[in-house]
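Numbering-wise (UniProt numbering), the sequence shown opens with residue 1 and increments by one.
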Amino acid sequence: MQRIVLDTSIIIDHIRQPDKPETVFTQLLQKYSLIIALITVTELFSGSSIQKLKERERLETILSVLDIYIPDMNLARQSGLLRGIRKIATADAQIAMTAIILKLPLATLDTRDFAKIPDLQLLPLPSFS
1 MQRIVLDTSI IIDHIRQPDK PETVFTQLLQ KYSLIIALIT VTELFSGSSI QKLKERERLE
61 TILSVLDIYI PDMNLARQSG LLRGIRKIAT ADAQIAMTAI ILKLPLATLD TRDFAKIPDL
121 QLLPLPSFS
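Set out below in structure tokens:
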């Protein structure tokens, strides 16, 4: 199964639609092996809705089906350089560099944030008809 890196936006979109049977996340989960950057976990747990136990349990269930990429010093350096050049958020730099270092496409709903990053391949997302 082909692997891809997920941006936080894909998971947040899924969490915000608990009654929707099909989301971009569920479609990607059926087709790909999903990887997230470690900083994505931090972003997800910092949301206000996750402070509720039910939402936290739901998030833990989602995380259980994902592979989490643990950064090393190279990723930290490269993310810092990217952030300095592109003036993007630290989390976005780490997520982008995770995809670049792993040579995998990135799935995101925030294409504007990532479109101008060299060497980053964005995955075309499934459309709902």
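Ideal placement from N, C-alpha and C gives every residue a C-beta, glycine not left out.
Closer than 8 Å by C-beta to residue i: which residues in its own chain qualify, once you throw out the five before and the five after it? Chain order, please.
i: T111; result: L122
i: V65; result: L29 and L34
Tell whether a beta-carbon distance below 9 Å holds between residue i and residue j.
i: I11; j: I39; result: no
i: L75; j: T42; result: no
i: I50; j: L59; result: yes
i: L81; j: A107; result: no
Ignore the nearest five residues each way along the sequence and tell me which others in residue i's own chain have a CB closer than 6 Å to its CB.
i: D119; result: I100
i: P105; result: I4, Q121 and L123
i: K103; result: none
i: D113; result: D92
Taking the alpha-carbon positions, what's the residue i to residue j distance?
i: H14; j: T8; result: 10 Å
i: I70; j: D19; result: 32 Å
i: D67; j: L28; result: 14 Å
i: K54; j: T61; result: 11 Å
i: I95; j: I88; result: 11 Å
Could you pull out every residue in the same chain whose Cβ sits closer than 7 Å to the Cβ of residue i, ignoring the five residues on either side in sequence?
i: T23; result: D13, H14 and Q17
i: S129; result: With a pLDDT of 38 at S129, under the threshold of 50, the modelled position of that residue is not reliable, and no figure is offered here.
Exercise. What are the complete beta strand (DSSP E) segments, minimum 3 residues, inside the UniProt domain "PIN" (4–118)?
Worked result: Runs of beta strand (DSSP E) with 3 or more residues, each lying fully within the UniProt domain "PIN" (4–118), are found at 33–37 and 67–69, listed in chain order.
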